[in-house]
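Inspection log for the structure reproduced underneath, given as structure tokens.
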Amino acid sequence: MDAKDILGLSKTSHPASQEKKSRTVKESQRKPDGISREVYALIGGVPPLMPAVEPLQLKKRPPTDEKITWQWLPFTSSARKDNLQLFHWVRVVNGVPPMGDYSFAKYNKSVDVVKYTDEEYEKHLTDDMWTKEETDQLFELCQQFDLRFIVIADRFPSSRTVEELKERYYKVSRSILIARAAASPGDVSEHPIVKEPYKFTQERDRKRALSMVLSQTKHQERKDSEVLAEAKRIAESRMAARVSLQNAKESELPITFNVERAIVPGETLSPSSNSEFPSAMVAPSTSMAENTSTLASLRMLRVYLRTYALDQMIQAASSSAGLRTIKRVEQSLQELGVNLKPRVPTKSVCAQHLELRKEILTLLNLQKQLQYKEAEGSSYRDSPYETPGTPKDRTFVPESTSFGGDVLGERVGKRDQKRKAPGRAEAPSSPAQPKRPRKLRASDM
């Protein structure tokens, strides 16, 4: 009797379902490469817990000149102080067992706890709150449990808190290191225990504040967030009022690129000449507005580096100039032996650096204007049209103007030649003939 007899089910099963089930099982359970059929049958198709060995290493044969055996040999570990001798299987090549320390002994790490003598304790380590016996027990437990002060506080015989145990240990260690450094030549100022002394009150307050934060309710957290938001709003309003007061004062890094230009009496500039000049010469008020906005944005940062402020001011001043002009300014600085960024960016150095950039930009703009004027004068001298130096008796013959790709004068001349050609004579006018009478219609009768 089986489960089907108890449940009253038929023992016959559908052959189609069995075929489908067997097919799916066969398709999913395919033997991977590198595993023998017997091993795969033992694991039942379940992937092994450990990664399988690559087939190439299974087929790899050991060198013929090496004879490898496994032997049951004794060993000792430097991590143990009792010289305990144990045994394990060792891979021996050509009958030579491996020499050296136990391979896992390197993971045995311990803390170097400072030791003191009775004379040093009586001279430097006496304390009314601690006896010598308690201090000795504390250092023994620190050596045993590797400065795990939670476990040390649990094993300590008297009722001492973790903070008190830490304070006593680090205070004794610091005093011993300083006393030994004074007696013998040596610098211990960079030692972590000497450089960063343990602060008992700060650690106690930190843990108390942490416990208060962790024990807060949702209502208390929401109230604290509201208080912090209100404090932030008050700080921002005060900062805005302070910035408005500072706007009236002299800015920390003033910069204006006002290009002065000498205008010759009687000189006139064509509209095309304004497009050739940089925008710093055409609209200096735009540059001043950008400088003012940059200073206002820097004041809103509250804390910033002077080099960052210098970069922002240079970008604001050079925004109106072209990329080629900026590169020429940097090239001029390099030719003068001046760094693109000051090495010591003090207030006076940054102001002088900005003033130098302003003068270089002014010089480049004046050079460009001079080149334009020279080119304009040379074009006037080489022009074939009438100039102020032309004699009055010279007649001016304009050239034919073109329109739509055809020369107007040539077109008119060709039209006249066609009309006055010798082969084509004008036909005589025919005499006037009388009109023929109109035929009468039926409607006219």
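Quick note: the sequence shown uses this note's numbering, first residue 111, plus one each step. Note that CB positions come from ideal geometry on N, CA and C, so glycine has one too. Model, not experiment: these values are computed from the prediction.
- Shortest Cα-Cα distance from S220 to any of Y226, L480, R316, S188 involves S188.
- L235 is not a Cβ neighbour of F259, given a cutoff of 7 angstroms.
- R284 is classed as buried because its beta carbon has at least 16 other beta carbons within 10 Å across all chains shown.
- Secondary structure at L443: helix, using DSSP grouped into helix, strand and coil.
- By the CB criterion at 7 angstroms, F310 and E273 fall inside the cutoff.
- Taking the Cα positions, A341 is about 11 angstroms away from D334.
- If you draw a 10 Å sphere on the C-beta of N475, you find 16 or more other C-beta atoms in it, and that means buried.
- Bounds of the beta strand (DSSP E) holding T179 are 178-185.
- Measuring C-alpha to C-alpha distances from I303 to each of S325, E277, L320, D315 identifies E277 as the nearest.
- If you compare the alpha carbons of S458, V202, Q195, H198 with that of I178, the shortest gap goes to V202.
- Counting the other CB atoms within 10 Å of its CB gives A427 a total of 16 or more, which places it among the buried residues.
- Scanning its chain for C-beta atoms nearer than 8 angstroms, with the 5 sequence neighbours on each side dropped, one finds around I288 the residues V298, V304, in chain order.
- Contact holds between the stretch 413-425 and the stretch 453-470, because three or more Cβ pairs, one in each stretch, are under 8 angstroms apart.
- Rounded to the nearest angstrom, the gap between the Cα atoms of Y226 and D192 is 25 angstroms.
- A straight-line Cα-Cα distance of about 15 angstroms links S458 and K468.
- Runs of the alpha helix (DSSP H) lying entirely within the stretch 215-251 and spanning at least 4 residues, in chain order: 228-234.
- It is roughly 15 angstroms from the alpha-carbon of H329 to the alpha-carbon of A339.
- Here I116 is exposed. Its C-beta has fewer than 16 other C-beta atoms within 10 Å.
- The beta carbons of V206 and C252 sit no closer together than 7 angstroms.
- Around the beta-carbon of I153, fewer than 16 other beta-carbon atoms lie within 10 Å, marking it exposed.
- Around the Cβ of V353, a 10 Å sphere holds fewer than 16 other Cβ atoms; the residue is exposed.
- L324 and K141 have their alpha carbons spaced roughly 56 angstroms apart.
- Taking each of P208, A151, N204 in turn and checking the Cα distance to H198, the smallest one comes out for P208.
- Of the candidates D175, E176, R171, Y212, the residue whose Cα lies closest to the Cα of T186 is Y212.
- Taking the CA atoms as reference points, V454 sits about 10 angstroms from R416.
- Burial is judged here by how many other beta carbons sit within 10 angstroms of a residue's own beta carbon; I286 has at least 16 and is buried.
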